[in-house]
Structure formats: C-alpha cells, structure tokens
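Undergrad: Take a look at this one; I'll ask things after.
Residue numbers (the UniProt record's numbering): 1 to 330.
See below:
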C-alpha cells in the first residue's frame, strides 16, 4: 500500500527577492512524498498567494488525498481529483519520481521524450531603484540571459539602467502585471530601445486584451509572453491572439503531466515556450527540466536565488544547468 506524507519547509533566500507584488526573504515550499515498498518519490511545490494559495492550505489539500493515493490513484486520476495548482503539482511530480524508481528508468523515458540537455537558465534581477538594479546587472553581467523584474512607473529608467550594467546580456522584462494604460507605451518603447527580447505579462490577467492590437512595428523584435494569463492548455484559446510566447510553470499547470500537454498544444499553435519556476529548491526545478528541450527560454534559477539548496541538487556551471541527478528526482 502506498503511503503519502507531507512536509512544509522554509529555505532562506540570498538577500531578498522583490517583484511588483512585494518582497520576501524565504521560500516556503510543500513537499509531498509517496512511498511504495522501498521506493520513495518526491515532489515540491511553491504555493502562490496570487492564485489564492497558502502553504498550509496546499499542504492540507495534499493530505486530503492520502486515502486515494493509498488506494492506487494515478497521475491521470489526479487530473480529476485536484484542479491545476501547487497541490496537484507536488503530488504529480512525486508520482513521476516514484514510477521512475519502481521501473528502474528515468522519468523522461517514461514520458517518451529525449533526455534533458544542458540548458542556459535566466538569472533574475529583483525590482529596485535604477541605481541598485544597474549594480545588480553589472554583478551578473557575465550571465548570458537576465530576467529583469519591473514594477510599472519608473520602468523606463530601470530597464535603461540594467542595460548599462549588462550591455551584452539578452534581457527578459517581467512586469508581473504591473503596467497599465498610463505607462504601457512608454515602458514598451524603453524596452525596445535597449533591445529587450521578451516582455512577460505586462498587463494584468483579464485586462490584457490590448496586447492583441499592438502592431508588429510597435513591438519590434519583442515578443509578449503570458505568465499569469496562462495556467493550462484550456487557457490557450483565450490568450493565443495576445501573446507570442507562454511561460509554463508546474505550479500553475498542476504538475508535469499537464505541463507536457500544454507544451504540445502551445507548440502546435506556433507559440514560443519559456519554462519557468517559482523560487524553490532543485527538487522543484528538476521535473521542469523535462520541458526545457526545444524551449526558447529556460528560467529555472530558483536554487541560484537561495542561500542554500538541497544536497544533491542540480549542478550549475554559471548559468548552465548540467544534468539531472537520479538521487534528486526522476
């Protein structure tokens, strides 16, 4: 009989992590563990208040399925037992990990996809004043891909400052829904001026219809990337005309099973793919690496933002994620 256990953990962030919605100094995660005989599978999720989640509520939701898991509930069953979100993610990834261990195979073999290749991850610069963001960009200027957290008013100065600090890096601008009609045109123009490649979720989810009307010449080489506006494949019809890319996060899709479906459907529609994350440990990043092959952008820098990580964790050589240890996951 399978046994489910749930743990709440806190992992200190190196310094602070600041976006338009606030700042925090620790990552609070929930870990689901499913045991079957001598095998153990683990999955980590990061509950997100933006989606109405709390750490305690997600842990309780996972625990409520202990009987179903003991009775043999599968990943396919989870798609109807739980909605997309952090709780389903932890359980889904724990079952992937367990299945791989029981089968003596790697998770990508079970999924019928290629093994993850070394991937360059974005490195995130927290929101701050222009001077501090320029200094942070200069300190990270050796990294080839930077994600810049923006906050609305004043973003034109912030993005210009980051470009001065990191003149050669590819830049992703992530506003986390903070722009509005008053600053949209100015901030987009500022991003174009410094060669930003991707603008992620500039407008609030549900208030982003104007993106469909932005002409190619206004965007230039920039693509808009949906984050808060896209959770599962069911959202694609609504957002496809507004965005040219999507950010796939396991904590939004509700696990790797649904994320693989979302990636397939998005690619079929010609959308570019970013594989993203919340701030968590290597255990949360590991399943997402199965989505990284053929992705246009990989943003799995959660462990790089922490003061410490799991042991074993993912191996980072600068910004390159190289390998997925079986002892960690899958």
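The beta carbon of each residue, even a glycine, is placed where N, CA and C say it ideally should be. As the structure is a computational prediction, the values presented were derived from the model and not from experiment.
How far does the alpha helix (DSSP H) with residue 187 in it extend, from its first residue to its last?
TA: Its alpha helix (DSSP H) spans residues 184–193.
Undergrad: Between residue 207 and residue 241, which are expected to be in contact by the criterion C-beta below 8 angstroms, what is the C-beta distance as a whole number of angstroms?
TA: Contact flag wrong, Cβ pair sits at about 15 angstroms.
Undergrad: Is there contact between the segment 36–49 and the segment 210–225, where contact requires at least three CB pairs shorter than 8 angstroms?
TA: Flag = no, the segment 36–49 and the segment 210–225 do not touch.
Undergrad: DSSP three-state call for residue 225: helix, strand or coil?
TA: Three-state result, residue 225: strand.
Undergrad: With 16 as the cutoff for other CB atoms within 10 Å, does residue 274 come out buried or exposed?
TA: Classification for residue 274: buried.
Undergrad: Among residues of its own chain, excluding the 5 on either side of residue 318, which ones have a beta-carbon nearer than 8 angstroms to its beta-carbon?
TA: If we look at residue 318 and ignore the five residues flanking it on each side, its Cβ neighbours are 142 and 143.
Undergrad: Beta strand (DSSP E) containing residue 245: first to last residue?
TA: That run of the beta strand (DSSP E) goes 245–248.
Undergrad: Threshold first: 4 residues or longer. Then list the alpha helix (DSSP H) segments lying entirely within the segment 198–225, N to C.
TA: Within the segment 198–225, the complete alpha helix (DSSP H) runs of at least 4 residues are 216–219.
Undergrad: For residue 299, which three-state DSSP category applies?
TA: In this structure, residue 299 counts as coil in the three-state DSSP scheme.
Undergrad: By DSSP's criteria, residue 123 is part of a beta bridge. Which residues make up the other side?
TA: DSSP output for residue 123 lists 146 as bridge partner(s).
Undergrad: How far does the alpha helix (DSSP H) with residue 61 in it extend, from its first residue to its last?
TA: Segment 55–63, the alpha helix (DSSP H) holding residue 61.
Undergrad: Tell me, please, which residues DSSP counts as bridged to residue 23.
TA: Residue 23 pairs with 18.
Undergrad: Residues in the same chain with beta-carbon distance under 7 angstroms from residue 277, minus the five sequence neighbours each way, listed in chain order, please.
TA: Taken in chain order, the residues that qualify are 249, 284, 285, 288, 299, 300 and 302.
Undergrad: Quick check: what's the CA-CA separation for residue 64 versus residue 81?
TA: Their Cα atoms are separated by approximately 10 angstroms.
Undergrad: Should the segment 306–325 be called in touch with the segment 162–169, which here means at least 3 C-beta pairs below 8 angstroms?
TA: The answer is no - the segment 162–169 does not touch the segment 306–325, with fewer than three Cβ pairs under 8 angstroms.
Undergrad: Short check: CB of residue 232 to CB of residue 262, under 8 angstroms?
TA: Against a cut-off of 8 angstroms, the Cβ pair of residue 262 and residue 232 comes out as a contact.
Undergrad: Are the segment 144–151 and the segment 169–181 touching, with three or more C-beta to C-beta distances below 8 angstroms?
TA: Output reads yes: the segment 169–181 touches the segment 144–151.
Undergrad: Applying the criterion that 16 or more other CB atoms from any shown protein chain within 10 Å of the CB defines a buried residue, is residue 185 buried or exposed?
TA: It counts as exposed.
Undergrad: Mapping the DSSP letters down to three states, classify residue 34 as helix, strand or coil.
TA: Correct three-state label for residue 34: strand.
Undergrad: Can you give me the C-alpha to C-alpha distance between residue 11 and residue 177, rounded to a whole angstrom?
TA: Cα to Cα, the separation comes out at about 26 angstroms.
Undergrad: Here's the rule: buried if 16 or more other CB atoms are within 10 angstroms of the residue's CB, otherwise exposed. What is residue 67?
TA: Residue 67 comes out exposed.
Undergrad: So is residue 137 buried or exposed if we call it buried at 16+ other beta carbons inside 10 Å?
TA: Classification for residue 137: buried.
Undergrad: Looking at the unbroken alpha helix (DSSP H) that takes in residue 285, where does it start and where does it end?
TA: Unbroken alpha helix (DSSP H) run through residue 285: 282–288.
Undergrad: To the nearest angstrom, report how far apart residue 150 and residue 135 are at their CA atoms.
TA: Taking the straight line joining both Cα atoms gives about 15 angstroms.
Undergrad: Along the chain, where does the alpha helix (DSSP H) containing residue 39 start, and where does it finish?
TA: Careful: residue 39 lies outside any alpha helix (DSSP H), inside the beta strand (DSSP E) at 39–45.
Undergrad: Where does residue 11 fall in DSSP's three states?
TA: Strand at residue 11.
Undergrad: Near residue 21, what residues of its chain come up, given a Cβ to Cβ distance below 7 angstroms and the 5 sequence neighbours on each side ignored?
TA: Cβ neighbours of residue 21 beyond the five flanking positions: 50 and 176.
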